[in-house]
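> Note that this note's numbering has the sequence shown beginning at 27, numbered continuously upward. Note that the Cβ used here is the ideal one computed from N, Cα and C, for glycine as well. One structure coming up, written as structure tokens, with questions to follow.
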Amino acid sequence: MSGRRCRCKSRKLVHRCCGPLLGGAPAPTPVALMRSRYTAYATGAADYIVHTTTPGGPQWMEDREAWLEQIRTFAATTRFEGLRIVEAPTVEGDEGFVTFEARLSRQGRDVSFVERSRFVRLDGRWTYHSGEPA
Ligand SMILES: [Zn+2]
């Protein structure tokens with residue numbers, strides 16, 4: 027593996043951060059999943075976004091091709107400038123919450139946002155269920 031820093035801005039090398047998760051390893055925590063999804067968006071790994079979304083949840087789209095296209099378009103037209111955990115994440119059983127700020131821009135315009143995300147563990151794997159502005 028290369029010595030590249032991870033795109034999630036953890037300052038870790040990618041193979042010690044989001045790399046293994048994008049390669050199929052289960053995320054150990056909701057925070058790890060959130061970071062890896064940010065990296066997936068930043069690198070256009072649309073399949074990973076679909077694979078780590080709670081099936082049948084509010085963010086799930088039945089039309090997978092349209093969904094993948096939507097993710098790829100978002101990834102290609104957005105600059106991913108940073109990621110910051112805003113509040114201490116909480117985990118209780120198979121449910122976890124992470125509040126983060128994603129610093130993004132599109133065509134020079136700041137489109138950063140803060141979101142409180144809900145994660146659900148299914149069959150031992152964390153998935154992204156939903157998020158609300160925070
Ligand atoms: Zn990372």
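So does the segment 35-51 actually touch the segment 59-69, counting three or more Cβ pairs closer than 8 Å?
With the cut-off at 8 Å, the segment 35-51 and the segment 59-69 touch.
> Helix or strand or just coil, what does DSSP make of G108?
Strand at G108.
> Please state whether DSSP places A128 in a helix, a strand or coil.
In the structure shown, A128 sits in a strand (DSSP, three-state: E or B).
> Tell me where the alpha helix (DSSP H) around R155 begins and ends.
This sequence places His at residue 155; Arg is not what is there. Taken as a continuous stretch (DSSP letters only), H155 belongs to no alpha helix (DSSP H), being part of the beta strand (DSSP E) at 151-159.
> Heavy atom of ligand 1 less than 6 Å from the Cβ of R61, yes or no?
Answer for R61: yes, Cβ within range of ligand 1.
> Do R142 and A160 come within 7 Å of each other at the CB atom, strictly closer than that value?
Cβ distance < 7 Å, so A160 and R142 count as in contact.
> Looking at the structure shown, is C43 part of a helix, part of a strand, or coil, going by DSSP?
In the structure shown, C43 sits in coil (DSSP, three-state: anything other than H, G, I, E or B).
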